[in-house]
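Participant: Sharing a structure with you now.
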Amino acid sequence: MAKFNLKINGETHRLDVDPTTPMLWVLRDHLNLQGTKYGCGVAACGACTVHLNGYAVRSCQLPVSTVKDQEITTIEGLSANGDHPVQQAWLEHDVAQCGYCQAGQIMNAVSLLKLNPNPTDEDIESAMSGNICRCATYLRIKAAIKTAAPK
Amino acid sequence: MKNDTTTQSRRTFLKATALTGGGMILGIHWLSGATTTPAASGLDLVKDTYVFNGHIKITSDNIIQIMSQNPEFGQNVKTSLPMIVAEELDADWKNVIVEQAPFDLKLYTRQFAGGSQSVKTTWKALRTAGATARQMLREATAQFWNVPLEEVTTKAGVLYHSKSEKSVTYGEMAAKAAEIPVPKDVKLKEIKDFNIVRSPRKNVEGINIVTGKPLFGLDYRQKDMLIAMVERPPAFGLKLKSYDAKAVLKMPGIKKVFTIQVFPEKYERQIFDTRTFNELVVVVGKTTWEVMNARKKLKVEWQPITTSIECVHTFSSERDETIPAGLESTDNHYLKMVERSAQPATELRKDGDPETAFKNAAQIIERTYTAPFLAHNMMEPINCFALVTDTEAFFAAPLQAPEYAEKTLATRLGLPLEKIEIQMTRMGGGFGRRAYAHYMVEAALISQQAKAPIKLIYTREDDMTYGIYRPSYTATYRAALDADKNLIAFHVKGGGVPEHPIAADRFPASAVDHYLAEGWEIPSNITIGAFRAPRSNFNAAAEQSFLDELAAAMGKDPIEFRLQLLQRAKDNPVGKHDNYDPDRYAGVLKLVREKSGWGKPENAQKSRGVAAYFCHNSYAAHVIDLTMKDGEPVVENVYSAIDCGIVINLDAATNMVEGAVIDGIGNAMYGALTLKDGIPQQNNFNQYRMIRHHEAPKKVDVHFVQNDIDPTGLGEPPFPPVFAALANALYKATGKRFYTQPFSAELERRQGD
Ligand code: FES
Ligand code: FES
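From first to last, the protein sequence lines stand for chains A and B. Each residue of the first sequence is one higher than the one before, counting from 1 in this note's numbering. Each residue of the second sequence is one higher than the one before, counting from 152 in this note's numbering.
Right under this line is the structure:
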């Protein structure tokens, strides 16, 4: 066990936890931030995507000990009331079916748009290909990203 | 109970309804925390709530609460079922908030997600519930204003009396209306007057999904809850011999290690009681990561199972199921299927004299189609919360079939049904897998033995390698043509491990003079379960590919050929004919022909394939256009035509069809769970190929047949014909027919040639 100070969604959290624990489980089990989802644990599905210093990472591959004073943002911290343009675009296109993958998709999309504010279809497809949607809402995800892009 | 924001527990609910006896209650705070529609956000205190029936409550400040009775796994019933109630209630959708109903068969019928039946089976009851409450509101208002009932009208949640220019909201009349005796035989709306049903409405859970609210089973928590995982054999055909947990118990956070037996010896399984492994080693600890890690230190010895026979009850009968010993492999399954299909099989349907017709045929076309096991791979892995004491049991779980789960749990725990409470969480997908509630029994036994609230979690590897797969199938289709290339006889002989897929009365049965359908089965210890459009997902792939090849051999257009067969089935059906409606079947083919510009000169160069199918009461047809790029197919456009009767929520229904099309392409191209010596060869998404963003079609153009037929269901029917439309398009693009799924493996094999 070891003590960590973590900056998550603009707040500092102190916790005592096994240093190898992936951030995914720190968020879900220790901090009760359950928006970040477990899908595979091996960096193959994207359900666990969060932002580290503003860009998408797979939280299942991020041991708590490596975070140090870097900023983590989860879906809960993306906006106060779901009013981030990407979240709004998701609602406009009514993207979700079961919804389980969508927090990860949104976090990845926000990061994509930060790096590439005007992505082509191919840019979107390749940037999003690490995020599986078992319900296969891919077309709506793409449409929502295009809606959010100019905003 | 934390995180219990959108679900009402049954106990609270019963307390409320018991108080009211269907009448009025005061001061029940239903809404604490519910934010399921935008209308409800910002609402933090509710005053008086009046219960009209199990579906509707109205508050004095005019919030219309509608309970969604069925489990939600992405089919969007949490929006569409309340839309049906709201339609007949004539509510203003803006003022509606939706709650997940408790599981309670005293209040609701068929609380089940599966078979594309949620809307079909509740349609009448939900309309009646809405219309009844509306009638009570009108009666109360007529009395209050002292005017004739016929003069009280409603519109969007307001009651009117036009002569006196009076109006009052539902909320204002709720207290009085809830006291009105429940009327019988209320009149339902004319379909032409619908204004909520048939319009696009946003998912009521949308905002909660995009903000990451804890909606799913895996998100459910209770104070002092422990985490449990189960270790079971690494291969089908093995069972527990012994284990040593010393090292595990020394690991941080670990509380207990013990074994459970899912079902006792000689247990007679009910329909959804499939479980792959009966004896499991359980590790219980404080956090997920600690349990995951500690579990790796378990030292377990496994031993081979011996062949056994289990009694299994199905919906209507019971049978003995043989579970053979041995370590099975996919290669071996395929060899055995070839051998077995050459032997006699069970006759399922016979019309005319197929033997003679085949003997006299001028030409016989014979093709064999094969498909592997598929894993459901819902994004949310299997999990269940359980708190079991000596006298009662509480569960919060993602599950499709609570009615069956409850009975099994009651039997296994020796508790009366009333002492079992099941909270249905939102499911991160289901696709059939979550009808099999073995994981709830496991969770129950773990909680009982650990004497603690526990959440059982399957890792992705646990989930993917557990079994309950879509069976592996093969089928040989034969067609006999006469000298003029007329189809005179049709024969299908299909089988599988461990069940055959054949639906003998389906199209083209009744459309051919001489017809024979046969089935055979090979017992296996690989467990199987319903997978989106069970059996149909294989039958459509095979039969609709075969019809394409047959049309080509006959020199006919594939759509025209199918329409001719359907015409025959309509005008002069052969044998028993009560399975499909030739007109509705033809309707989707005609619609997709029109929308895709089929046969138009501008589309002549496209590599396009068509397929249609009828299952689960609805009809679907697709046209797929693809191109080849670097040896890989790129699906450009898909045109879909669906007849599922009245479409409740157009946008959500379109989403569902888009998803089914992409899911179909994904499973046809890449889906496969293979085995070697009983060990699944794929255990996570880095080995099991799922369709991803860049492999999805560029466009899916969805059209629904417009009619006033009561809804017939949508989740499954669009899925099966996708496989064949893709195979037929691939043929156009490559000049080769695709007989074996997954097609990507077939493509690779050919490129290697
Ligand atoms: S859970 Fe991290 S990528 Fe799948
Ligand atoms: S919406 Fe179900 S997995 Fe994406």
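Where is the CB? At the ideal position from N, CA and C, for every residue including glycine.
When the cut-off is 8 Å and only beta carbons count, does A/D29 lie next to chain B?
Facilitator: With 8 Å as the cut-off, A/D29 counts as an interface residue toward chain B.
Participant: For B/K208, collect the residues of the same chain with a Cβ closer than 7 Å to its Cβ; drop the 5 residues on either side in sequence, then sort them by chain order.
Facilitator: Once the five neighbours on either side are set aside, the close Cβ partners of B/K208 are W181, T200, Y201, V202, Q216.
Participant: Here's the rule: buried if 16 or more other CB atoms are within 10 angstroms of the residue's CB, otherwise exposed. What is B/D669?
Facilitator: Sequence inspection shows Glu at residue 669 of chain B; the Asp mentioned does not correspond to that position. Buried, by the Cβ-count rule.
Participant: On the premise that A/Y100 lies in contact with B/G368, defined as a C-beta separation below 8 Å, what is that separation, rounded to the nearest angstrom?
Facilitator: The Cβ separation is near 10 Å, so there is no contact.
Participant: Name the one or two DSSP bridge partners that A/R58 has.
Facilitator: Its beta-bridge partners are A/T49.
Participant: Just to confirm before moving on: does the CB-CB distance between B/E356 and B/K229 stay below 8 Å?
Facilitator: Their beta carbons are under 8 Å apart, which means B/E356 touches B/K229 by this criterion.
Participant: Looking at the C-beta of B/H120, does it have a partner C-beta in chain A at a distance below 8 Å?
Facilitator: This structure gives no information on residue 120 of chain B, because the portion of chain B shown stretches from 152 to 904.
Participant: Taking Cβ to Cβ, would you say B/Y151 is nearer than 8 Å to B/L607?
Facilitator: The question about residue 151 of chain B has no answer, for chain B in this structure spans 152 to 904.
Participant: If the cut-off is 7 Å on Cβ atoms, which residues from the segment 89-109 of chain A count as contacting chain B, listed in chain order?
Facilitator: Per Cβ criterion, the list reads W90, L91, D94, A96, Q97, C98, G99, Y100, C101, Q102, A103, I106.
Participant: With B/A537 and B/S459 assumed to form a contact (beta carbons below 8 Å), what rounded beta-carbon distance in angstroms separates them?
Facilitator: Between B/S459 and B/A537 the Cβ distance is about 28 Å, and since that is not below 8 Å, they are no contact.
Participant: Do A/C60 and A/G155 count as a contact pair if the criterion is CB distance below 8 Å?
Facilitator: For residue 155 of chain A there is no data in the structure shown, the boundaries of chain A being 1 and 151.
Participant: Would you kindly work out how many angstroms separate the C-alpha atoms of A/I145 and B/A878, rounded to a whole number?
Facilitator: Cα to Cα, the separation comes out at about 31 Å.
Participant: Establish whether the CB of A/P22 and some CB of chain B are separated by less than 8 Å.
Facilitator: Chain B, which has a Cβ nearer than 8 Å to the Cβ of A/P22, makes this yes.
Participant: Counting C-beta neighbours from all protein chains within 10 Å, is the total for B/H206 16 or more, i.e. buried, or is it exposed?
Facilitator: Label assigned to B/H206: buried.
Participant: Using a Cβ-Cβ distance cut-off of 8 Å, determine whether A/Q61 contacts chain B.
Facilitator: Output row for A/Q61: interface = no.
Participant: Does the beta-carbon of B/S313 have 16 or more other beta-carbons within 10 angstroms, so that it is buried, or is it exposed?
Facilitator: So B/S313 counts as exposed.
Participant: Which residues of the segment 608-622 of chain B have a Cβ closer than 7 Å to any Cβ of chain A? Give them in chain order.
Facilitator: From the segment 608-622 of chain B, only T610, R611 have a Cβ closer than 7 Å to chain A.
Participant: Sorry if obvious, but does the Cβ on B/A526 come closer than 7 Å to a heavy atom of ligand 1?
Facilitator: No, ligand 1 has no heavy atom inside 7 Å of this Cβ.
Participant: Name, going along the chain, the residues of the segment 865-899 of chain B whose beta-carbon falls closer than 9 Å to a beta-carbon of chain A.
Facilitator: Cβ contacts with chain A come from no residue of the segment 865-899 of chain B.
Participant: Does the contact criterion of 3 or more C-beta pairs under 8 Å hold for the segment 259-279 of chain B versus the segment 556-572 of chain B?
Facilitator: Result no; under three Cβ-Cβ pairs closer than 8 Å.
Participant: Only counting runs of 3 or more residues, tell me where the beta strand (DSSP E) segments fall wholly within the segment 438-474 of chain B, in order along the chain.
Facilitator: Whole beta strand (DSSP E) segments, 3+ residues: 450-455, 459-464, 469-474.
Participant: Rounded to whole angstroms, how far is the Cβ of B/I793 from the Cβ of B/A823, which I believe are closer than 8 Å?
Facilitator: Between B/A823 and B/I793 the Cβ distance is about 28 Å, and since that is not below 8 Å, they are no contact.
Participant: Give the single residue among B/A763, B/H484, B/C462 whose Cα lies nearest to the Cα of B/I474.
Facilitator: Comparing Cα-Cα distances from B/I474 to each of B/A763, B/H484, B/C462, the minimum goes to B/C462.
Participant: Which residues of chain A have a Cβ atom closer than 9 Å to the Cβ of B/P403, listed in chain order?
Facilitator: In chain order: M1, D18.
Participant: In the structure shown, what three-state DSSP assignment does B/I214 receive?
Facilitator: Reduced to three states, the DSSP call for B/I214 is coil.
Participant: Taking a contact to mean a Cβ-Cβ separation below 8 Å, would you say B/Q551 touches B/F870 in this structure?
Facilitator: Going by C-beta atoms, B/Q551 is not nearer than 8 Å to B/F870.
Participant: Beta-carbon of B/G580 versus every beta-carbon of chain A: anything under 8 Å?
Facilitator: For B/G580, the answer is yes, since a Cβ of chain A falls inside 8 Å of its Cβ.
Participant: Closer than 6 Å from C-beta to any heavy atom of ligand 1: which residues, in chain order?
Facilitator: Going by the Cβ distance cut-off, the answer is A/Y38, A/G39, A/C40, A/G41, A/A43, A/A44, A/C45, A/G46, A/A47, A/C48, A/R58, A/C60.
Participant: If you measure from the CB of B/G581, is any heavy atom of ligand 3 nearer than 7 Å?
Facilitator: With respect to small molecules bound, the structure shown includes ligand 1 and ligand 2 and not ligand 3.
Participant: If you check the beta carbons only, do A/Q87 and B/G810 fall under 8 Å apart?
Facilitator: For A/Q87 and B/G810, no; Cβs fall outside 8 Å.
Participant: Quick check on B/T627: does DSSP put it in helix, strand or coil?
Facilitator: Strand, per DSSP.
Participant: Of all the options B/K746, B/G866, B/A307, which has the alpha carbon lying nearest to the alpha carbon of B/D243?
Facilitator: Among B/K746, B/G866, B/A307, the Cα nearest to that of B/D243 belongs to B/A307.
Participant: Tell me whether the segment 662-681 of chain B and the segment 691-710 of chain B touch, counting them as touching only if at least three CB pairs, one residue from each stretch, are closer than 8 Å.
Facilitator: No: the two stretches stay apart, fewer than three of their Cβ pairs being nearer than 8 Å.
Participant: State yes or no: is the C-beta of B/N768 within less than 8 Å of the C-beta of B/G864?
Facilitator: It is a contact, given that the beta carbons lie within the stated cut-off.
Participant: What is the C-beta distance between B/I775 and B/V798, in whole angstroms, given that I count them as a contact (C-beta under 8 Å)?
Facilitator: 22 Å between Cβ atoms; not a contact.
Participant: Who are the Cβ neighbours of B/V853 in its own chain at under 6 Å, not counting the five residues just before and after it?
Facilitator: Within the same chain, B/V853 has close Cβ partners S791, T805, V808.
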